[in-house]
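If you're matching them up, the sequences are chains A and B in order.
This note's numbering puts the first residue of the first sequence at 4, with every later residue one more than the last.
This note's numbering puts the first residue of the second sequence at 425, with every later residue one more than the last.
Positions of the beta carbon are idealized from the N, C-alpha and C atoms, including for glycine.
The model shown is predicted, which means the values in this text are computed figures rather than measured ones.
First up is the structure itself, then whatever we jot down about it.
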Amino acid sequence: MTTAVLDAPTHLDAPRGGSFLALIRHSAALAKRSLIKTVRTPEALIDVTIQPVIFLMMFTYLFGGAIADGDRHGYLQFLLPGMLGQSLAMGSIALGQNLNADIEKGVFDRFRSLPVSRAAPLVGAVLADIVRYLTVCVVMLGFGAVMGFRIETGTVATLAAIGLAVGFGLCFAWISVWVGMLVRTSGAVQGVMFLLVFPLSFGSDVFVGTDTLPGWLQDFVHVNPITHLVGAERGLLISGPVAHHLWITLAWMAGLLAVFVPLALRAYNKRT
Amino acid sequence: MDDLVVRAEGLRKRFGTTQALDGVDLAMRRGTVLGVLGPNGAGKTTAVRVLATLLRPDAGTAHVAGVDVLREPQKVRRRIGLTGQYASVDEDLTGTQNLVLIGQLLDLRSRDARKRAAELLAWFDLTEAAGRPAKTYSGGMRRRLDLAASLVGHPEVIFLDEPTTGLDPAKREDMWGVVRTQVAQGSSVLLTTQYLEEADALADEIVVVDHGRVIAQDTPDGLKRRVGGQTLRIRPADPARLPDVLRLLDAVASPGTSAAPDGAAGSRPGAASVPVTADTALDDVVPALRRDGIEVNELGLHLPSLDEVFHTLTGGETKKEALV
Chain A
4 MTTAVLDAPT HLDAPRGGSF LALIRHSAAL AKRSLIKTVR TPEALIDVTI QPVIFLMMFT
64 YLFGGAIADG DRHGYLQFLL PGMLGQSLAM GSIALGQNLN ADIEKGVFDR FRSLPVSRAA
124 PLVGAVLADI VRYLTVCVVM LGFGAVMGFR IETGTVATLA AIGLAVGFGL CFAWISVWVG
184 MLVRTSGAVQ GVMFLLVFPL SFGSDVFVGT DTLPGWLQDF VHVNPITHLV GAERGLLISG
244 PVAHHLWITL AWMAGLLAVF VPLALRAYNK RT
Chain B
425 MDDLVVRAEG LRKRFGTTQA LDGVDLAMRR GTVLGVLGPN GAGKTTAVRV LATLLRPDAG
485 TAHVAGVDVL REPQKVRRRI GLTGQYASVD EDLTGTQNLV LIGQLLDLRS RDARKRAAEL
545 LAWFDLTEAA GRPAKTYSGG MRRRLDLAAS LVGHPEVIFL DEPTTGLDPA KREDMWGVVR
605 TQVAQGSSVL LTTQYLEEAD ALADEIVVVD HGRVIAQDTP DGLKRRVGGQ TLRIRPADPA
665 RLPDVLRLLD AVASPGTSAA PDGAAGSRPG AASVPVTADT ALDDVVPALR RDGIEVNELG
725 LHLPSLDEVF HTLTGGETKK EALV
């Protein structure tokens with residue numbers, strides 16, 4: 004080992020540019036870290052690429068004929084915007100699992116011993132997930148087009164649909180982050196999140212119209228945020244009214260952030 | 425202003441039913457190495473985590489680099505470097521990416537962060553591996569990268585939690601060299617270890633902890649004196665020469681002790697050992713062996729094992745309590 008004279012220590016007692024700018028800068032640096040990890044392990048993208056495609060094909064070709072009385076194309080038009088919602092909810096599970104694994108491995112101890120905002124490691128990880136949610140949208144719209152799905156609105160509406168989907172994914176992801184902070188193993192994150200994601204994605208109008216459901220289930224479907232996200236997505240990609248579903252979805256997004264960001268941060272700070 | 429860079433008083437921390445820290449006091453002088461020695465579960469890691477701002481104690485106070493750990497943790501974080509018990513480098517990131525990330529989190533400008541990363545990688549002999557993901561590194565390389573990561577911000581105080589656990593002896597010596605260099609450059613190092621040998625090699629002062637309490641605090645020499653110090657053991661090639669060996673050993677024995685043939689459980693018979701205090705014991709014995717024509721199969725100085733240290737220290741305490 005060679006010896007070298009290393010620079011003399013320099014101490015700044017306040018972060019460069021104030022604490023809010025520092026939070027953004029540190030979160031961006033940590034988001035980049037997550038992205039590098041994503042690029043290095045492409046197999047970790049299966050849940051936002053191959054898996055939604057398999058679901059899409061399964062429901063279109065296997066159940067579609069029966070559900071839609073032979074009108075497979077019509078069912079695909081109905082199903083795809085809905086499955087976008089389901090895939091986003093499922094796609095958020097990996098985030099909590101990765102954060103949980105990072106903490107178990109001790110990687111986060113280093114970040115916590117550095118003068119960064121406590122929120123930065125979590126915010127950074129969530130921001131990096133944008134790439135995964137964009138992937139879901141692109142893969143589903145792309146593969147859907149191959150299967151015969153047609154966007155019946157314009158480019159602006161399509162971009163708005165993608166923006167809304169990614170935005171919803173980012174808000175929903177904080178539930179996964181919170182669960183990731185609470186439970187002990189990454190396997191348990193998946194278990195707990197499935198308990199939440201399955202009722203939310205199937206107890207909605209993603210797969211079937213709501214008129215055949217029993218009354219109590221209809222009540223659940225009508226408060227379910229996935230139902231409203233999917234309603235807005237259908238309006239933006241196919242046709243129909245958007246505003247009502249959009250406002251309720253945005254309200255849900257704000258609510259998710261207001262509740263689960265503080266919960267996740269508190270759980271993270273408590274975790275030793 | 426005193427020159428203590430670490431000062432902790434009455435640290436207590438309980439996890440469920442385990443009292444991990446049961447009133448720990450620590451003091452480390454600037455520019456020195458403090459060795460925190462203890463078995464698994466003694467509370468070493470918990471103490472380091474409190475000092476490194478990762479954990480709030482239930483009671484007690486701690487100052488690091490003159491800053492209150494509980495009141496101003498962010499200020500403390502600008503002055504410390506931490507290398508945890510398990511190498512906490514990011515396996516998917518390259519050596520350079522790992523260090524640049526730390527630099528950015530320490531608010532270095534991008535260019536400075538890259539410069540500092542290159543500097544540290546060169547210093548730790550990792551330049552060739554700088555562009556490879558850390559998962560391809562050997563155990564020793566990971567530890568070096570981990571240590572480099574804790575030095576990015578030129579910390580005043582470096583915490584090393586069992587830095588050599590799991591490393592082979594040659595890698596361990598490398599690591600010791602790094603620690604000594606850091607101290608020579610003005611850092612203060614608090615390291616935890618399970619190895620008496622490591623504490624002896626590096627520390628200016630040793631704190632022995634067990635069950636969340638400090639049971640002894642002394643210089644390495646002082647500690648060795650208290651626990652019986654080193655043992656010189658000789659195994660003659662010809663077992664018939666054992667009496668001659670005993671006679672030679674008696675000549676270098678610590679005052680008030682005498683050589684004895686090994687017969688304790690676990691050790692092969694045919695050797696003799698004696699407690700020695702002087703480091704020159706070997707120098708005296710080797711010429712004598714040659715003069716008397718005694719061939720040896722084994723000749724060495726042995727430090728007491730951690731078990732023996734504990735036995736002696738806790739045994740002493742029990743006796744004291746019995747007298748009271």
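When the five nearest sequence neighbours on each side are left out, the beta carbons in the same chain lying within less than 6 Å of the beta carbon of phenylalanine 146 of chain A are those of Val56, in order along the chain. Taking each of A/Leu199, A/Val110, A/Ala176, A/Gly183 in turn and checking the Cα distance to leucine 130 of chain A, the smallest one comes out for A/Ala176. Phenylalanine 81 of chain A and serine 90 of chain A have their C-alpha atoms roughly 15 Å apart. Proximity of chain A to leucine 525 of chain B at the Cβ level (cut-off 7 Å) is accounted for by Ala32, Arg36, in chain order. The DSSP assignment places 620-626, 644-651 as complete runs of the alpha helix (DSSP H) inside the segment 620-668 of chain B, in order along the chain (cut-off: 4 residues).
Within the DSSP secondary-structure output, glutamine 443 of chain B pairs in a beta bridge with B/Arg438.
For the 7 Å CB-CB criterion, valine 698 of chain B and leucine 673 of chain B form a contact. For threonine 477 of chain B, the residues of chain A that pass the 7 Å Cβ criterion are Ser116, in the order they occur in the chain. From the beta-carbon of aspartate 50 of chain A, no residue of chain B is found nearer than 9 Å; the closest lies around 18 Å away. Within the DSSP secondary-structure output, alanine 432 of chain B pairs in a beta bridge with B/Leu450, B/Ala486. Counting only Cβ-Cβ distances below 8 Å, isoleucine 582 of chain B has no contacts in chain A at all, with the closest Cβ about 11 Å away. Nearest C-alpha to aspartate 482 of chain B among B/Val603, B/Leu494, B/Arg567: B/Leu494. A/Leu167 is the residue among A/Ile178, A/Phe23, A/Ser95, A/Leu167 whose C-alpha sits nearest the C-alpha of tryptophan 250 of chain A. Three or more beta-carbon pairs separated by less than 8 Å link the segment 181-197 of chain A to the segment 92-107 of chain A, which places the two stretches in contact. Of all residues in the segment 476-502 of chain B, only Ala476, Thr477, Leu478, Leu479, Gln498, Lys499, Arg501, Arg502 place a beta-carbon less than 7 Å from a beta-carbon of chain A. Those residues of the segment 666-692 of chain B placed with their C-beta closer than 9 Å to a C-beta in chain A do not exist. For serine 179 of chain A, there is no enclosing beta strand (DSSP E); the residue is part of the alpha helix (DSSP H) that begins and ends at 158-185.
Per DSSP, the unbroken beta strand (DSSP E) holding aspartate 585 of chain B starts and ends at 581-585. Listed along the chain, the chain A residues whose CB falls inside 8 Å of the CB of proline 557 of chain B are Arg43.
Look at glycine 212 of chain A: its C-beta is not under 7 Å from any C-beta on chain B. Excluding five sequence positions before and after alanine 164 of chain A, the CB atoms of its chain that fall closer than 6 Å to its own CB belong to Glu236, Leu239, Leu240, given in chain order. With respect to the 7 Å criterion, serine 612 of chain B and valine 429 of chain B are classified as neighbours on the basis of their beta carbons. Where valine 709 of chain B is concerned, the enclosing alpha helix (DSSP H) starts and stops at 705-715. With at least 16 other beta carbons inside 10 angstroms of its own, asparagine 522 of chain B counts as buried. For alanine 695 of chain B, no beta strand (DSSP E) run applies, since DSSP gives it neither H nor E. Counting along the chain, the unbroken alpha helix (DSSP H) around asparagine 103 of chain A starts and ends at 96-108. Following the DSSP letters along the chain, one finds isoleucine 70 of chain A in no beta strand (DSSP E) but inside the alpha helix (DSSP H) bounded by residues 67-70. A contact between stretches requires three or more CB pairs, one per stretch, nearer than 8 Å, and the segment 589-597 of chain B meets this requirement with the segment 560-573 of chain B. Under the criterion of beta carbons closer than 8 Å, alanine 476 of chain B and valine 633 of chain B do not qualify as touching, at roughly 16 Å. In the pairwise beta carbon analysis, the segment 219-238 of chain A is classified as touching the segment 198-206 of chain A: at least three pairs are separated by under 8 Å.
Under the Cβ criterion of 7 Å, serine 512 of chain B is counted among the residues facing chain A.
The C-alpha of isoleucine 39 of chain A lies about 15 Å from the C-alpha of isoleucine 526 of chain B. A direct Cα-Cα distance of roughly 26 Å separates histidine 248 of chain A from arginine 75 of chain A. Between the beta-carbon of valine 603 of chain B and that of aspartate 449 of chain B there is about 23 Å, and that puts the pair past the 8 Å contact cut. Interface with chain A (7 Å Cβ-Cβ cutoff): glycine 590 of chain B is excluded.
Around valine 631 of chain B, the same chain offers Leu450, Leu458, Gly459, Val460, Leu461, Val638, Ala640, Gln641 as residues with beta carbons nearer than 8 Å, after the five sequence neighbours per side are excluded.
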